[in-house]
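Right, one structure below, let's go through it.
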Ligand code: GLP
């Protein structure tokens, strides 16, 4: 595990982006796992900037998003289909036809199909992750099995409250989501995790220095052989 700490989130985003760009340079058809949330935005901007500066051919890069709400249409601006398109695909300059987001229509088969699609793509080369305040990754809430595959999950009250800022009220936030499982995420060949701001400090400390437990999903990353953390000073205060 490598830990990069900086006072400046943009420096972190750029360092994370360098790893992704290097993966694409080594393998032009690289498969990148994409995360929503505010934390990775600096990394998407830096990735897009670096790719443009280098004239990097990204026409074969494939993407798989981590998660999606159940019950929002893909066109809804709050759906992760829309967020990934707007915050990642367009900023980075990926081909949207090569980027998949889990189907939030609620069909039981959608989860299995997503895992099959990742496997058929050859697995994820680099998975970008943010962190929930309760240590969730993707939408894998505390208590999710370490070997879980893509599945539908009930969101906790804390996650609903945290994500209410994107809706007009917390009553509008979907209560269920479909997410890559922890087992799915841990199969990625490289994990790059970005955590910024004091609200993440407790989760960061528990994930890095606490026991490995399903009660704090991000702590399971301790068992992955190739994980890079990018943490700003505010999120690193309890380390
Ligand atoms: C949501 C997403 C997570 C993300 C988290 C934190 O719950 N499902 O993938 O890591 O938000 O978001 P932020 O970076 O905005 O704090």
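In the UniProt record's numbering, the protein residues as written are 1 to 239. Where a beta carbon is used, it is the ideal one built from N, C-alpha and C, also for glycine. Everything numeric in this text was worked out from a predicted model, so none of it was measured.
Considering only the alpha carbon of each residue, which of 149, 61 and 144 lies closest to residue 156? Position 156 of the chain shown, counting from 1, holds the residue named residue 156. The candidate whose alpha carbon is nearest that of residue 156 is 144.
Within 8 Å: the Cβ of residue 38 and any heavy atom of the ligand GLP? Here residue 38 refers to the residue found at position 38 when the chain shown is read from its first residue. Result yes, Cβ under 8 Å from the ligand GLP.
For the beta strand (DSSP E) containing residue 62, list its first residue and its last residue. Along the chain shown, read from residue 1 onward, the residue named residue 62 stands at position 62. Per DSSP, residue 62 belongs to the beta strand (DSSP E) from 62-65.
Are there any heavy atoms of the ligand GLP lying less than 8 Å away from the beta-carbon of residue 179, as far as the coordinates show? What you label residue 179 is simply residue 179 of the chain shown in a count that begins at 1. Yes, Cβ of residue 179 sits closer than 8 Å to a heavy atom of the ligand GLP.
Per-residue burial, residue 86 [other beta carbons within 10 Å of its own, 16 or more giving buried]: Counting from one through the chain shown, the residue named residue 86 turns up at place 86. Residue 86 counts as exposed, since fewer than 16 other beta carbons sit within 10 angstroms of its beta carbon.
Here's the rule: buried if 16 or more other CB atoms are within 10 angstroms of the residue's CB, otherwise exposed. What is residue 140? On the chain shown, residue 140 is found 140 positions in, with the first residue counted as 1. Residue 140 comes out buried.
Can residue 136 be considered in contact with the ligand GLP, in the sense that its beta carbon sits closer than 8 Å to one or more heavy atoms? Taking the chain shown and counting its residues from 1, one reaches residue 136 at position 136. Under cutoff, so the answer is yes.
Do residue 35 and the ligand GLP come close, with the Cβ less than 8 Å from some heavy atom? Sequence index remark: in the chain shown, residue 35 carries index 35 (1-based). Checking the 8 Å criterion, the Cβ of residue 35 is within range of a heavy atom belonging to the ligand GLP.
Starting from residue 195, trace the beta strand (DSSP E) both ways and give me its first and last residue. Working through the chain shown from its first residue, we reach residue 195 at position 195. 190-195 is the extent of the beta strand (DSSP E) around residue 195.
Straight-line gap, residue 1 to residue 210 (C-alpha atoms, nearest Å): Numbered from its first residue, the chain shown carries residue 1 at position 1. Numbered from its first residue, the chain shown carries residue 210 at position 210. Just so you know, the alpha carbons of residue 1 and residue 210 end up roughly 14 Å apart.
Is residue 200 close to the ligand GLP? I mean its beta-carbon at under 8 Å from any heavy atom of the ligand. The residue labelled residue 200 in the question sits at position 200 within the chain shown. Yes; taking the cut-off as 8 Å, the Cβ of residue 200 has a heavy atom of the ligand GLP nearer than that.
Out of 137, 173 and 169, which has the shortest C-alpha to C-alpha gap to residue 183? Counting from 1 along the chain shown, the entry for residue 183 is found at position 183. When each option's Cα is compared against that of residue 183, the closest is 137.
Quick one: grab the DSSP three-state call for residue 230. As a first step, residue 230 must be located in the chain shown, where it is residue number 230. Here residue 230 sits in strand by DSSP.
Which listed residue (198, 219, 166 and 194) has its alpha carbon closest to that of residue 42: What you label residue 42 is simply residue 42 of the chain shown in a count that begins at 1. With distances taken between CA atoms, residue 42 lies nearest to 194 out of 198, 219, 166 and 194.
Just checking my contact of residue 127 with residue 84 at CB under 8 Å: how many whole Å lie between their CB atoms? Taking the first residue of the chain shown as position 1, residue 127 is located at position 127. Taking the first residue of the chain shown as position 1, residue 84 is located at position 84. Taking C-beta atoms under 8 Å as the contact rule, residue 127 and residue 84 fail to qualify, at a distance of about 14 Å.
Mind checking which residues open and close the beta strand (DSSP E) that includes residue 2? What you label residue 2 is simply residue 2 of the chain shown in a count that begins at 1. Its beta strand (DSSP E) spans residues 2-6.
Flag this pair as yes or no: are the beta carbons of residue 32 and residue 20 separated by less than 9 Å? The residue you call residue 32 lines up with position 32 of the chain shown. The residue you call residue 20 lines up with position 20 of the chain shown. Result yes, Cβ atoms of residue 32 and residue 20 sit closer than 9 Å.
By a C-beta neighbour count over all protein chains shown, 10 Å radius and 16 as the cutoff for buried, is residue 67 buried or exposed? The residue given as residue 67 occupies position 67 in the chain shown. Residue burial is scored here from C-beta neighbours: residue 67 has at least 16 other C-beta atoms within 10 angstroms and is therefore classed as buried.
The ligand GLP heavy atoms versus the CB of residue 64: any closer than 8 Å? As a first step, residue 64 must be located in the chain shown, where it is residue number 64. False, no ligand heavy atom lies under 8 Å from that Cβ.
Rounded to the nearest angstrom, what separates residue 232 and residue 196 at their Cα positions? Counting from one through the chain shown, the residue named residue 232 turns up at place 232. Counting from one through the chain shown, the residue named residue 196 turns up at place 196. Answer to the nearest angstrom: the Cα atoms are 5 Å apart.
Report the partner residues of residue 253 according to the DSSP bridge assignment. Within the shown structure, residues of the chain are numbered from 1 to 239, placing residue 253 beyond reach of any answer.
Look up residue 137 in the DSSP assignment and give the residues it is bridged to. Numbered from 1 along the chain shown, position 137 holds the residue referred to as residue 137. Answer is 140, bridged to residue 137.
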